[in-house]
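What follows is a short report on a single structure.
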Amino acid sequence: MAKLSLYTVCGGVNPAHTLPVMLDVGTNNPRLLDDPRYMGWRHPRITGEDYFAFIGMFIAAVKRRWPDVLLQFEDFAQHTAVPLLHRYRDELCCFNDDIQGTASVALATILAACRASQRDFNQQTMVIVGAGAAGCGIARHIIACRVAEGMDAAEASKTIFMVDRDGLVMTTASSLA
Numbered sequence: 001m002a003k004l005s006l007y008t009v010c011g012g013v014n015p016a017h018t019l020p021v022m023l024d025v026g027t028n029n030p031r032l033l034d035d036p037r038y039m040g041w042r043h044p045r046i047t048g049e050d051y052f053a054f055i056g057m058f059i060a061a062v063k064r065r066w067p068d069v070l071l072q073f074e075d076f077a078q079h080t081a082v083p084l085l086h087r088y089r090d091e092l093c094c095f096n097d098d099i100q101g102t103a104s105v106a107l108a109t110i111l112a113a114c115r116a117s118q119r120d121f122n123q124q125t126m127v128i129v130g131a132g133a134a135g136c137g138i139a140r141h142i143i144a145c146r147v148a149e150g151m152d153a154a155e156a157s158k159t160i161f162m163v164d165r166d167g168l169v170m171t172t173a174s175s176l177a
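Here the sequence shown stands for residues 1 to 177, where the numbers follow this note's numbering.
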């Protein structure tokens, strides 16, 4: 809901032209499932193709009703957010704030800091704390910017380190599967 306020205050979008929608795909939290006050769908979280089919039905309905819509994905887990962006980017205007919005602001800040300190952006080593949707989005934006400036993507990747609650994230980590 707060994002819609930002669209209105900062972007001048008429609040009557915004619609907050929350999709309930269940929960795997047994305490919530057993809580009589829980207002969500009392069902284990749907995953895999069932999940993507559900989201697909929602997006198809939105496109039918509002063909020129901007659909903002908010708080989607990275393992679903990235495929959704790739799947629908050529079908409708869609945006993931965690992956694209936060990453754009972070990259702009890094570029401004490099400019202010007269340091070469491509020579900086980056450490990103958090390897979720936002952290990975920041890493992707940094790599894309470096590639646009002529650096090889593999080389650009070698200058970025990600740390999560378990320490340094490595490509061999079982948690990445």
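Each residue gets a CB set at the ideal place from its N, CA and C atoms; glycine is no exception. Predicted model, so just to flag it, every value in this text is computed and none were measured.
Legend entry - residue 52 beta carbon less than 7 angstroms from that of residue 72: Taking the first residue of the sequence shown as position 1, residue 72 is located at position 72. Taking the first residue of the sequence shown as position 1, residue 52 is located at position 52. Between residue 72 and residue 52, the gap from beta carbon to beta carbon reaches 7 angstroms or more.
Inset, instruction - Determine contact between the segment 113-120 and the segment 78-94, defined as no fewer than three beta-carbon pairs at a distance below 8 angstroms. - result: no
Legend entry - Sub-7 angstroms separation of residue 126 and residue 160 beta-carbons: Here residue 126 is taken as the residue at index 126 of the sequence shown, counted from 1. Here residue 160 is taken as the residue at index 160 of the sequence shown, counted from 1. Against a cut-off of 7 angstroms, the Cβ pair of residue 160 and residue 126 comes out as a contact.
Inset, instruction - Kindly list the residues whose CB is nearer than 7 angstroms to the CB of residue 130, restricted to its own chain and excluding five residues on each side of it in sequence; keep chain order. - result: Position 130 of the sequence shown holds residue 130. Only 164 meet the Cβ criterion.
Inset, instruction - Classify residue 54 as helix, strand or coil using the three-state DSSP reduction. - result: For this step, residue 54 is matched to residue 54 along the sequence shown. Helix at residue 54.
Legend entry - Cα-Cα separation between residue 54 and residue 2, rounded to whole angstroms: In the sequence shown, counting from the first residue as 1, residue 54 sits at position 54. In the sequence shown, counting from the first residue as 1, residue 2 sits at position 2. If I take the Cα positions, the gap works out to 25 angstroms.
Legend entry - Complete alpha helix (DSSP H) runs within the segment 53-120 (minimum length 4 residues, chain order): 78-88 and 102-117
Inset, instruction - Just tell me which of 123, 132 and 124 has its CA closest to the CA of residue 103. - result: Looking up residue 103 in the sequence shown gives position 103. Measuring from the Cα of residue 103, the nearest candidate turns out to be 132.
Legend entry - According to DSSP, residues forming a beta bridge with residue 164: On the sequence shown, position 164 is the one that residue 164 refers to. Beta-bridge pairing links residue 164 to 167.
Inset, instruction - Starting from the C-beta of residue 58, find all residues in its chain whose C-beta is less than 6 angstroms away, skip the five residues before and the five after it, and write them out in chain order. - result: Indexing the sequence shown from 1 puts residue 58 at position 58. None.
Inset, instruction - Would you kindly check if the distance between the Cβ of residue 41 and the Cβ of residue 56 is under 7 angstroms? - result: Taking the sequence shown and counting its residues from 1, one reaches residue 56 at position 56. Taking the sequence shown and counting its residues from 1, one reaches residue 41 at position 41. Not closer than 7 angstroms, so no.
Legend entry - Coarse secondary structure for residue 127, derived from DSSP in three states: Along the sequence shown, one-based indexing puts residue 127 at 127. Note: residue 127 maps to strand in three-state DSSP.
Inset, instruction - Report the rounded CA-to-CA distance for residue 49 versus residue 80, giving the unit in angstroms. - result: What you label residue 49 is simply residue 49 of the sequence shown in a count that begins at 1. What you label residue 80 is simply residue 80 of the sequence shown in a count that begins at 1. The straight-line gap from Cα to Cα measures roughly 11 angstroms.
Inset, instruction - Identify the continuous alpha helix (DSSP H) that holds residue 139 and give its terminal residues. - result: Working through the sequence shown from its first residue, we reach residue 139 at position 139. Counting along the chain, the unbroken alpha helix (DSSP H) around residue 139 starts and ends at 133-148.
Inset, instruction - Measure the alpha-carbon distance for residue 32 versus residue 38 and round it to whole angstroms. - result: As a first step, residue 32 is located in the sequence shown; it is residue number 32 there, counting from the start. As a first step, residue 38 is located in the sequence shown; it is residue number 38 there, counting from the start. One C-alpha to the other measures close to 6 angstroms.
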